[in-house]
Structure formats: structure tokens, C-alpha cells
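Notes follow the structure.
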Amino acid sequence: MTAIAEPPAHRGARLVAIHRAGDIIPPAVAFFGAVAVWEVVARVLGLKQFILPRPLAIFAAWQANLPELLGATTYTLGEILGGLVIGAVAGILVGGATARFARVRASLLPFAIAANAVPIIAFAPIFNNWFGVDSQFSKAMIAAVLVFFPVMINTVRGLLAVDPAALELMRSYAAPEVRVFRSVRIPNALPFVFTALRVATTLATIGAIVAEYFAAPRGSLGQYIATQSAFLAFERSWAAIIFAAAIGIGLYLLVVALERLVSPWAGARDATT
Amino acid sequence: MTVPAPPSPRAGPPAGEAVVRLSGVSMVFGGDGSAGKRVEALRDIDLAIGRGEFISLIGPSGCGKSTLLRIVGDLIVPSAGTVTVNDKPARRARLDRDYGMVFQAPVLFDWRTVQKNVELPLEIIGTPRAGREAKAREMLELVELADFAAQRPWQLSGGMQQRVAIARALALDPAILLMDEPFGALDEMTRERMNLELHRIWARTGTTVIFVTHSIPEAVFLSTRVVVMSPRPGRITKVVPIDLPRERTVETREMARYFQLVTEVREALRAPEGDPADGASS
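Keeping their order, the protein sequence lines are chains A and B. In terms of our numbering, the first sequence opens at residue 1 and continues consecutively. In terms of our numbering, the second sequence opens at residue 274 and continues consecutively.
Next comes the structure, spelled out in C-alpha cells:
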């Protein structure tokens with residue numbers, strides 16, 4: 001598992017920032033160019049469908065199975081969103097308590113950092129057993145645990161990585177601890193938290209889909225991909241993967257947009273300096 | 274602008290009315306049992322600072338001048354000795370918000386506009402919004418940055434940021450302004466301009482200032498008295514009264530007396546004087 005995202009955060013955000021309509025043209029050309037090359041090469045080399053389906057075949061499968069794919073996407077998206085919300089809220093709350101109370105920090109933080117290095121996805125069959133094989137909740141919980149650790153650790157870091165001079169300043173004003181949290185620590189932590197949340201969107205998507213590979217109802221993205229692959233209907237698997245990718249990218253952009261909304265100064269500052 | 278009363282005109286040691294009194298202040302870091310080797314930072318400091326004075330603390334790196342400033346501001350508790358500010362213990366003075374602090378870095382918050390940065394101390398003491406906004410605007414006018422109120426700190430130059438920090442430090446009308454090498458990070462040209470600016474602000478507000486600096490010309494230009502400190506353990510080796518005309522201008526830096534005083538401070542800094550008792554070699 002990846003996980004602990006590095007602090008000043010906005011490089012990634014800026015990578016996908018599209019400022020003018022003209023900025024869209026180069027990546028669009030690159031994308032459709034690559035797809036065209038893929039189509040041509042697959043035809044010329046006569047690649048078998050079950051090795052690498054051609055883009056047009058994938059598109060056809062996509063169209064033919066749209067209702068089913070949309071249903072599966074909605075089902076899995078529910079798990080991912082549930083996991084994101086549960087994991088992020090818990091991570092921020094526990095992270096806040098950990099930063100606030102030195103004793104909690106001393107006893108909890110080493111375990112959090114260790115847990116962050118554990119391949120949590122390996123617990124998927126166990127979670128299925130605990131929370132129900134065909135329930136959305138078991139997948140949401142796997143996603144939540146994956147999300148929890150990076151969010152918690154980055155929350156702690158952001159709350160603690162405050163300029164010592166800022167703390168001296170607040171002390172010289174005899175500011176109470178609550179005020180220091182509100183005016184210094186929390187705003188300071190926001191970029192750290194959002195960095196973690198961006199990683200979290202990817203982790204939650206991976207977590208939910210992989211957990212579905214092990215066991216889930218037919219109408220879920222993970223089971224759809226696994227089943228179609230078992231029948232060698234790879235163009236359908238690819239069609240489903242397009243939806244999975246759309247979820248991942250969409251959630252990522254959602255977090256970027258949310259960050260701009262919550263801490264507009266950070267993006268603006270990084271764009272100028 | 275509420276306090277037009279000029280500070281006491283003379284530079285000499287203050288008579289009766291002292292804002293700050295340090296007596297027998299010593300500071301030892303580490304030592305008794307705790308980890309790290311024992312470092313004696315300050316030894317037996319006595320100093321009285323009169324209302325409206327501008328005192329510079331100058332000395333070699335590591336002589337404890339910043340430590341002394343922090344002791345006055347109750348950010349550090351001394352190992353021995355007493356500090357009174359307005360006849361109160363330093364801690365009481367801090368809780369009463371008698372201090373304004375300016376650090377080497379401006380320490381402005383990017384998530385606040387310039388205006389909101391200046392309002393911060395007023396928010397802490399619970400000033401209602403209208404009063405906060407008016408006072409912050411007044412302070413920004415004082416440092417001549419009223420036009421930049423809506424900007425973010427990173428949009429300003431280093432010198433402007435430091436002026437915002439000064440505006441913030443003055444927002445509570447502090448009894449004493451503590452400045453820790455506030456212009457140390459600025460280039461020479463900006464620094465000289467900031468010195469003029471600070472002098473103007475000081476003359477207008479009548480605030481008592483303690484100013485830590487490495488720069489002899491800066492200390493002489495701004496101060497009513499320059500306090501020269503020895504290498505560690507820091508002691509006061511000399512107090513040089515600055516008897517230049519009260520109002521300091523660009524011409525001040527060209528006066529013969531100014532050069533004499535600069536030389537006097539430089540020689541005081543160079544004087545061997547140190548009894549090589551301990552600490553010095555490490």
C-alpha cells in the first residue's frame with residue numbers, strides 16, 4: 001500500500017488543472033491518437049480478442065451492456081463513497097484527538113504507521129465473512145480501513161507541523177489552546193488532509209473492486225469484471241474497467257474541487273509562487 | 274494615532290518610571306539531570322527600561338539576546354532573577370496582553386487576508402467585529418499598507434510582510450513591543466527604508482521597544498540606548514546612550530556624531546573584557 005502522502009500538496013492538483021479551453025486540445029489529441037494506434041496495431045498484427053481487445057470491440061461491448069454496467073457502477077460507487085466517508089471522518093477525528101493529546105499520540109501513532117504499511121486488502125475475505133458476503137457494507141469497510149490510516153496520519157502531521165514561531169506568537173497573545181487549534185493548527189492541516197484524501201479516493205476504489213473479486217453479487221463491478229474474464233469476454237471486462245477508471249478519476253477531481261472550495265488560498269498561492 | 278504623546282525626549286537611563294525592570298536575570302539551559310550539556314546563556318542581567326524608550330540589544334551570535342527578549346516576553350522562564358513589566362511579573366503582563374511581538378520571519382497566515390491577519394490579536398481578546406475592522410484599518414494606515422488590506426500575505430514583498438507583522442503587533446496598543454531581528458532577512462536597501470519606517474511608527478505611537486539586532490548602524494540609528502552584550506554567557510558589557518537628535522532622518526546616517534556612536538558600539542562589541550571563566554570554549 002502506498003499511503004502517507006507528502007505535505008505541500010498541490011503539485012498533483014496543478015497537474016490536472018485545466019485553465020483554458022485550449023489546454024484540452026493537446027491531451028485530447030494524445031488520447032485519441034493512442035486509441036487509434038491501438039486499433040490499427042491490433043488489426044494489423046491480428047491480435048486475438050482474448051489477448052487485447054480492439055477499442056472498437058470494447059466500445060461495442062460498452063454500448064451493448066450499458067444498463068448492466070451502469071447498474072454495477074452505481075452499486076460499487078455506493079460502497080466506495082460509503083468507505084470514503086466512514087474512513088475519512090474516522091481518520092480526521094482520531095487524527096485530531098491524536099494530535100491534541102500527547103498520551104494518545106504516544107500510544108497510537110506507532111501502530112497507525114505500522115498499520116499503514118500492512119496490505120489491508122488481504123483482509124478482504126475476512127471482512128466479507130464478518131460483514132456479509134453479499135452486503136455492500138463489507139466492501140465499504142475494507143475501503144474505509146484503507147482510507148483511514150493515511151487520512152489519520154496526515155491529519156496528525158498537518159496539525160503538528162506548525163511553524164514554532166506561530167505558536168510563540170499565539171503564546172505571546174495568551175491565546176487559549178482551542179484558539180490555537182482553530183486559528184493555526186486546523187488551517188495548517190488542511191493541505192495535508194486533502195493530500196491524503198486524494199490518495200484515499202484511489203485506495204477506496206481499489207479496495208471496493210478487489211474485495212468484490214473475492215465474493216459479491218453479480219451486479220457489482222468487481223464481480224462483473226471477474227465473471228466476464230472467466231468467460232474470456234475480455235472486451236466486456238475492459239468496458240467495465242472504463243467505468244471503474246471513471247469512478248477513480250471523478251472522485252479525485254471531486255476532492256480537488258472540494259479543496260479549492262475549502263482552502264482557496266493554497267491553490268492560488270502555489271500558482272503564484 | 275490615539276497616542277500622539279512623544280516619548281521622553283532624553284536618551285539617558287530612565288528615572289523613576291520604568292516599564293521593564295530586569296534584576297539578576299540568569300538563564301541556564303540543560304544542566305540539572307536533564308539530557309544535553311549545560312549551557313549558560315545569560316548571567317546576571319540588570320536593566321531598567323523607561324516608558325517610550327527604544328532599546329537595542331546587540332551582541333555576537335549566541336550571546337543570548339533573543340533569549341533575553343523571550344524572557345521579557347514570558348516565552349521563556351529565567352533560571353534566576355525577576356522580570357517586571359508595568360510593575361507586574363512578566364507572566365501577568367503576558368496574560369494581560371501587554372506585549373506585541375515581531376519575529377525575524379513575519380509569521381503571517383496565508384489563510385487570512387492582510388486585514389484579517391492584523392485582526393487576529395483583536396479576535397483573541399474578543400473585540401467585536403466593527404471595532405476589530407476599524408482598529409486593523411487604522412494600524413494598516415499607520416504602516417502605510419491600507420491599500421493592501423484585501424491581499425494575501427504571499428502577494429506582498431518581504432518588507433511589506435514585516436510591516437503587516439508590525440501592524441499586527443501594535444493592534445492591541447501593547448505596553449511594550451518586542452522585536453527579534455525583524456529586518457534580518459531583508460536586503461540592505463529595504464532594511465534602511467524599514468528603519469526609517471519603524472522610527473516614524475515609534476515616534477508616532479510612543480510605544481516602548483526592545484529590539485534585537487546584529488546590525489550596529491541599525492541599532493544606533495533607531496535607539497535611545499544601545500545595550501551591548503558579551504559572548505556566552507551573555508552579560509551586559511556596556512550601555513551606550515544615543516544622543517542624536519530625537520528625530521532620525523536620512524541625514525542622520527551622515528552625521529559625524531552618528532559615526533562616532535557607531536564606532537563606540539563597535540569598540541564595545543570588540544572589547545575583550547571577557548573573564549574566561551567558563552562556557553566560552555566549546
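We put the beta carbon where it would ideally sit given N, CA and C, even for glycine. Remember, predicted model here, so these are calculated numbers, not experimental data.
Within this structure, are the beta carbons of residue i and residue j separated by less than 8 Å?
i                      : j                      : result
residue 428 of chain B : residue 379 of chain B : no
residue 528 of chain B : residue 517 of chain B : yes
residue 317 of chain B : residue 297 of chain B : yes
residue 387 of chain B : residue 438 of chain B : no
residue 83 of chain A  : residue 151 of chain A : no
residue 357 of chain B : residue 294 of chain B : yes
residue 65 of chain A  : residue 269 of chain A : no
residue 538 of chain B : residue 331 of chain B : yes
residue 486 of chain B : residue 327 of chain B : no
residue 363 of chain B : residue 507 of chain B : no
residue 559 of chain B : residue 173 of chain A : Nothing about residue 559 of chain B can be read from this structure; chain B reaches only from 274 to 555.
residue 375 of chain B : residue 452 of chain B : yes
residue 397 of chain B : residue 449 of chain B : no
residue 335 of chain B : residue 292 of chain B : no
residue 432 of chain B : residue 478 of chain B : no
residue 127 of chain A : residue 135 of chain A : no
residue 475 of chain B : residue 263 of chain A : no
residue 325 of chain B : residue 377 of chain B : no
residue 143 of chain A : residue 87 of chain A  : yes
residue 493 of chain B : residue 445 of chain B : no
residue 197 of chain A : residue 145 of chain A : no
residue 149 of chain A : residue 115 of chain A : yes
Take residue i and list the residues in its own chain whose beta-carbon comes closer than 7 Å to its own, dropping the five residues that flank it on each side.
i                      : result
residue 550 of chain B : Reliability fails at residue 550 of chain B, whose pLDDT of 43 lies under 50, so the model's placement of it is uncertain and the value that follows must be treated cautiously. Excluding sequence neighbours, residue 550 of chain B sits near nothing in its chain.
residue 282 of chain B : At residue 282 of chain B the pLDDT is 39, less than 50, meaning the model places this residue with poor confidence and gives no usable figure here.
residue 310 of chain B : 303
residue 113 of chain A : 153
residue 41 of chain A  : none
residue 359 of chain B : 292, 366, 371, 448
residue 284 of chain B : Residue placement at residue 284 of chain B is flagged as unreliable, the pLDDT there being 37, under the threshold of 50; a coordinate-derived value is accordingly withheld.
residue 511 of chain B : 501, 541
residue 258 of chain A : none
residue 233 of chain A : none
residue 531 of chain B : 493, 517, 525
residue 389 of chain B : none
Only counting the same chain, and skipping five residues up and downstream in sequence, which positions put a Cβ closer than 6 Å to that of residue i?
i                      : result
residue 220 of chain A : 72, 75, 76, 212
residue 443 of chain B : 373, 412
residue 133 of chain A : 215
residue 222 of chain A : 209, 212, 213, 216
residue 192 of chain A : 7, 154, 157, 158
residue 440 of chain B : 391, 412, 413, 416
residue 160 of chain A : 99
residue 329 of chain B : 484, 486, 492, 496, 499
residue 287 of chain A : With chain A covering only 1 through 273, there is no way to say anything about residue 287 of chain A.
residue 343 of chain B : 349
Compute the beta-carbon to beta-carbon distance between residue i and residue j, rounded to the nearest angstrom, for a pair I have assumed lies under 8 Å.
i                      : j                      : result
residue 79 of chain A  : residue 56 of chain A  : 31 Å between Cβ atoms; not a contact.
residue 239 of chain A : residue 93 of chain A  : Incorrect: roughly 39 Å between the Cβ atoms, too far for contact.
residue 248 of chain A : residue 202 of chain A : 6 Å
residue 205 of chain A : residue 246 of chain A : Not confirmed; about 10 Å, so no contact.
With a threshold of 8 Å on Cβ separation, who are the neighbours of residue i within its own chain once the five nearest residues in sequence on each side are excluded?
i                      : result
residue 167 of chain A : 180, 184
residue 15 of chain A  : With a pLDDT of only 48 at residue 15 of chain A, under 50, the local geometry of the prediction cannot be trusted, and the value read off the model is given with reservation. Result list for residue 15 of chain A: empty, nothing under 8 Å.
residue 567 of chain B : Residue 567 of chain B lies beyond the stretch modelled for chain B, which goes from 274 to 555, so this question has no answer here.
residue 536 of chain B : none
### Query
Given a limit of 9 Å on CB to CB distance, which residues of the stretch 509-542 of chain B reach chain A?
Flagged: no residues at all.
### Query
What are the uninterrupted segments assigned as beta strand (DSSP E) that are 3 or more residues long and contained completely in the stretch 430-486 of chain B, given in chain order?
449-453, 481-486
### Query
What are the complete beta strand (DSSP E) segments, minimum 3 residues, inside the stretch 335-391 of chain B?
353-358, 372-375
### Within 7 Å of chain B by C-beta, residues of the stretch 148-172 of chain A in sequence order
Residues 163, 165, 166, 168, 169, 171, 172.
### Query
What residues in the stretch 321-355 of chain B bring their beta carbon closer than 7 Å to a beta carbon of chain A?
Here the close residues are 346, 348.
### Query
Can you list the alpha helix (DSSP H) stretches of 4 or more residues lying completely in the stretch 116-144 of chain A, in chain order?
124-131
### Task
Compile a chain-ordered list of the residues in the stretch 359-379 of chain B whose CB is closer than 7 Å to at least one CB of chain A.
367, 368, 370, 372, 374, 376, 378
### Near-chain B residues of the stretch 185-200 of chain A (beta-carbon distance less than 9 Å), N- to C-terminal order
187, 188, 190
### Task
Compile a chain-ordered list of the residues in the stretch 100-123 of chain A whose CB is closer than 8 Å to at least one CB of chain B.
none
### Query
Which residues, taken in chain order from the stretch 387-399 of chain B, show a beta carbon closer than 7 Å to some beta carbon of chain A?
393, 394, 397
### Query
What residue ranges within the stretch 190-253 of chain A form continuous alpha helix (DSSP H) runs of no fewer than 4 residues, ordered along the chain?
221-230
### Task
Please name the residues in the stretch 410-443 of chain B whose beta-carbon is closer than 8 Å to at least one beta-carbon of chain A, in chain order.
Those would be 425, 427, 428, in chain order.
### Task
Could you name each continuous alpha helix (DSSP H) segment of 4 residues or more that falls completely within the stretch 44-123 of chain A, going from the start of the chain to the end?
55-64, 66-100, 102-116
### Query
Taking only runs of the beta strand (DSSP E) that begin and end inside the stretch 491-531 of chain B, which ones reach a length of at least 3 residues, in chain order?
498-502, 509-514
#### Entry: Positions along the stretch 454-486 of chain B whose CB lies within less than 9 Å of some CB in chain A
none
#### Entry: Members of the stretch 255-266 of chain A that neighbour chain B once the beta carbon cut-off is set at 8 Å
263, 265, 266
#### Entry: chain A contacts from the stretch 492-505 of chain B (Cβ-Cβ distance under 7 Å)
Per Cβ criterion, the list is empty.
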